[in-house]
Structure formats: C-alpha cells, structure tokens
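To keep things clear, I will list the structure first and then write my remarks on it.
Numbering (the working numbering), first residue to last: 2 to 491.
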C-alpha cells in the first residue's frame, strides 16, 4: 500500500481542522523516526514556524535594522509526546538493492510532520523547565538551540555532588546582530572581547576555529552555563559535509533540542545517517550494539587535542554510551532497521521486540561485500569523502587526470554510483578491513584536529585567560580522577 500524507489546516477562529491536501509520499514515511515502545500512539504533529528566517540561506552576519522575526516568540517549536509507536509500524521495510536512506530530495519546507522525531530526547520535567527558563532569558534572536553534556545527560563520572555546568549551543541567522543585542543585554557574559564590539567578536567567531564563540562560566538564574554561538549556515554545512566535525560530532550523541528548525533537523538527520555509515567502516563484520554506539560517539574525539594532552576523561566515550543507551537507541534504532546491509545476528529486532528489551551485547552483522561497502563510501559527507578519496589516490598511485575522470561522473553514472558506488569506491571498499578503518580514522583525525585545536586556543580570547585556566583545570581534574579510579581497580 502506498503511504499518503494528509495536510491539515486549523482555523484560528473555530479551532477546527480541515483537510487541505492529500498527497502520496512514497519517500516520507521512510524517515519518520520513532523510539520503539509497543502499542503506543505516535507523537502529535510538529508545528512549523511561520518565520521567514526558517528558510533563510543568507550567510551575512551584518545586523538588520530591526529585530529579526526569528525571536523566541515566533521561532520554530516542536513538541514530541513521551509515547511512540514501534518503528516497524511506521517505517516500511526497504531491504532491497535500491534502499538508500537518501535525504537529498527532501526540502525543509515540506518535511513530514514527524520527520526527525528520533532527535527529540526525553528528559525529566524539572530539567526541561530549567532549560526553557534559561533560553527565555536571551532576548537576541535564536533560531536553533540545544543543550548537551553531563549537565543535561548523566555520563556516570565524577564523585562530587556539585551540579555540572550546562552546555548550550545557539544557532543564529545574523551573527553580528546577535552579539550586538546580547552585548547590550548581557555585557558581563563576555571577556575583554566585549569592549571591542560585536564586529570584532563576529570576526573572531567566524575566522578562527570551527566558527563557534563560547561564553563559559556564566551564571543565569542561579545556574552555571556555557553557551556557544554559531551561524546557522556554518552549523548546516558541518552537519551535511563534515567540514570540521566540531558541531556535527556533538550532534552524533544525544542532545536536548530546545528550539527546532526544519533546515537543521533535515541536515542533522543526514548527519546521523553519515555517522552510522562511517562507524560501519570502522567496525568488523560482527559487533555488539554497544560497540556500534561507542564507535559513533567516539568519532568526534579522534584527533581531539584534549584526549591527547590528558585534559579529558579517557573513559568519557564509554561513560556516555553506558549511561545513555536508551537515548542512543532512540536516536539510531530506526536508522539501523532501515539500512539494508546491517542486521541483528539473532533477529531480535525483526521479531518485533522493544529496543528496551534487547540486551546491549546483542550481535549485529554487516554485509562486507565491496558492492555494499562501496555504497557506504560513496555516501559519506562530501568534504570528508573527498579527503578519503585523496588518501586512496595516493595509495593506489592513480594519475591526477584519471582520478578526476573517476570521481567526476556523468548524471547516469551518478545515479548508479549513489546506489552501488563506482569502481573507485568499490576498490576502496575491497581494501583490507583494518587498513580501510585506519585510513578512515586518519581522515577523521585530520578533520577534527585543526578546528578543535584552534577552537581551544580561541578560548583564551573568548573566555579570557582566567576562565580558560579554570576550564582546563577542571578537565585535568576529571582525567586525574578517572586515572586514579583505574589504579584502584588494579
């Protein structure tokens, strides 16, 4: 049966719903991602903002003459209920040669109502209320916002009773406009950079590091927070292309979305699918569900200078997955079920069991054929894929003209390559598994290292020397605490 999409419109006077259109939506149902609690109804349809900023593609950071319509009262908001129906009931099976989880033809303006519901994490009401009140204190326009880290989700580390700092990211359309308004409202949030004005702050944000400007150790409503500002286009590009993996990597892990935007929701769904595919290139033919999530969560830490210079808990990745297993299942479970080259060894998911009933030691098996894995290589994010291609051009000693012919496909060849990968991708996929995994890790490290290093150095400017040393000291303390725990176990 072909699925359909029914568009409803609510009258502002009668509050009644009327059917506006009924359309077939062959592709849309594939990407409605839910968690898997049996015998429960789907989340209510998400409301979509009428703000023109939601579809803006402007890269300008110059402040407009008036406050943008993307203010908190009119920004895109979604509310996903706590109960959901099983993925198998809302996502048809596409286990065929043509199955692809390809989002390239979807438009942010016409997403299915429940698209990306897997990205919405459930947290307790007290934390939800606290996060909303924190966001409400900012009068400058914020288009997309999420909270992350140990202040929101337990990472099972640390013995102190002191509440962790809450980490936030704000995606904005006009960077300089945001800083101008925020400097006026919260001048105390900024270091000495604030005295140089919004133009200087915007320059430092956009030209150094990964395009994020952090204000750490800021007290709001009695809560210690760290918030980062990023241009919405910088965020979207990283999610789709993995230019730096700085924010894309953060969104590989569960986060609490506080203000949603359809453009970023679509880009992040591509980001999650890419993380899953990349992890498969790093893993053997058989692996556990826990190993899969640990590999995904660890992508953004490969090449991170904090891991290298002992300024981060060495067990951080394992702690994140162990303490957020249900959230990882919600985030990736529906996508796992739709990848044709990945299956549960013992058929647990196929039997219709709820994810919560599946032990984390359950084995998964992936198809290791060059055809399938060539498909994975071809669908890696653009910037990341090009770096991997150049690695293998050097390894295979392919002359530059021949290499350009191989990667510059005709439209007909491109359609085939999107399903199967071209001969070059299949040759990459046929490489020794451990060698390919090492090459992929190397590309990840090169992608992450420079932006992460410069972003850390930028903290001296954005946070000031005092707060930077304080932050580094806390990170070192976490490392020493974890190392001390390891010695006790020995």
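Every residue, glycine too, gets a C-beta built ideally from N, C-alpha and C.
Residue 1 to residue 301, Cα distance in whole Å?
-> Past the boundaries of the shown model lies residue 1; the chain is included only from 2 to 491, so the question cannot be answered.
For the stretch 239-315, which segments carrying the beta strand (DSSP E) assignment without a break, of at least 3 residues, lie completely within its bounds, in sequence order?
-> The stretch 239-315 contains these whole beta strand (DSSP E) runs: 257-260 and 287-289.
Classification of residue 130 by the beta-carbon crowding that lies within 10 angstroms, buried from 16 upward = A residue is called buried when at least 16 other Cβ atoms come within 10 angstroms of its Cβ; residue 130 does not meet this threshold and is exposed.
Do you know how far the Cα of residue 167 is from the Cα of residue 401?
-> Rounded to whole angstroms, residue 401 to residue 167 spans 49 Å at the Cα level.
Going by other Cβ atoms of all chains shown within 10 Å of its Cβ, with 16 needed for buried, is residue 36 buried or exposed?
-> Only weak support exists for where residue 36 lies, its pLDDT of 37 falling under 50; the value from the coordinates is given anyway. Around the beta carbon of residue 36, 16 or more other beta carbons lie within 10 angstroms, which makes this residue buried.
Below 7 Å CB to CB, which residues in the same chain sit around residue 438 once its five sequence neighbours on both sides are set aside?
-> Here the set comprises 282 and 283.
What are the residues that DSSP puts in a beta bridge with residue 219?
-> The bridge partners DSSP lists for residue 219 are 226.
Closest residue to residue 241 among 192, 187 and 384 (Cα-Cα distance) = Here the closest residue by C-alpha is 384.
Using DSSP with H/G/I as helix, E/B as strand and the rest coil, what is residue 492?
-> In this structure the chain extends from 2 to 491, so residue 492 is not present and cannot be described.
Counted within 10 angstroms of its Cβ, other Cβ atoms place residue 133 as buried (16 or more) or exposed | With fewer than 16 neighbouring CB atoms inside 10 Å of its own CB, residue 133 falls in the exposed class.
Buried or exposed by the 16-neighbour rule on C-beta atoms within 10 Å, applied to residue 391 = A residue is called buried once 16 or more other Cβ atoms fall within 10 Å of its Cβ, and residue 391, having fewer, is exposed.
For the 8 Å Cβ check, are there 3 or more pairs between the stretch 237-252 and the stretch 261-272?
-> They touch, by the three-pair rule.
Report buried or exposed for residue 317, applying the criterion of at least 16 other Cβ atoms within 10 angstroms of its Cβ.
-> Buried: at least 16 other Cβ atoms inside 10 Å.
Use the C-beta contact count for residue 436: other C-beta atoms within 10 angstroms, 16 or more gives buried, fewer gives exposed.
-> Under this definition residue 436 is an exposed residue.
Using a threshold of 7 Å, state whether the C-beta atoms of residue 246 and residue 236 are closer than that.
-> No; because the gap between Cβ atoms is not below 7 Å, this pair is not in contact.
Compare the C-beta of residue 462 with all C-beta atoms of chain E and state if any pair is closer than 7 Å.
-> No chain E is present in this structure, which holds just one protein chain.
Length of the line joining the Cα atoms of residue 194 and residue 463 = Each residue's alpha carbon lies about 7 Å from the other.
Could you give the distance in angstroms between the alpha-carbon of residue 458 and the alpha-carbon of residue 368?
-> Going by the C-alpha atoms only, they are around 42 Å apart.
Confirm, please, whether the CB-CB distance from residue 278 to residue 377 is below 7 Å.
-> Their beta carbons are under 7 Å apart, which means residue 377 touches residue 278 by this criterion.
Helix or strand or just coil, what does DSSP make of residue 154?
-> Reduced to three states, the DSSP call for residue 154 is coil.
Which stretch, first to last residue, makes up the alpha helix (DSSP H) that contains residue 394?
-> 383-397 is the extent of the alpha helix (DSSP H) around residue 394.
Is residue 341 closer than 7 Å to residue 430 when the C-beta atoms are compared?
-> Going by C-beta atoms, residue 430 is not nearer than 7 Å to residue 341.
Close beta carbons around residue 253, own chain, < 8 Å, minus the five adjacent residues each side | Excluding residues within five positions, the ones whose Cβ falls inside 8 Å are 272, 273, 276, 297, 298, 300 and 301.
DSSP state of residue 168, grouped into three classes?
-> Three-state result, residue 168: strand.
Determine the closest residue to residue 163 out of 181, 304, 224 and 466, with distance taken between C-alpha atoms.
-> When each option's Cα is compared against that of residue 163, the closest is 224.
Is it right to say residue 127 is buried, meaning 16 or more other beta carbons lie within 10 angstroms of its own, or is it exposed?
-> Per the 10 Å Cβ criterion, exposed.
Please state if the CB of residue 169 and the CB of residue 228 are separated by a distance shorter than 7 Å.
-> Annotated as proximal: residue 228 and residue 169, with beta-carbon spacing under 7 Å.
Boundaries of the beta strand (DSSP E) in which residue 365 is found, first to last residue | Counting along the chain, the unbroken beta strand (DSSP E) around residue 365 starts and ends at 364-367.
The stretch 327-336 touching the stretch 112-125, judged by at least three CB pairs closer than 8 Å = In short, these stretches touch, since the Cβ pair count reaches three.
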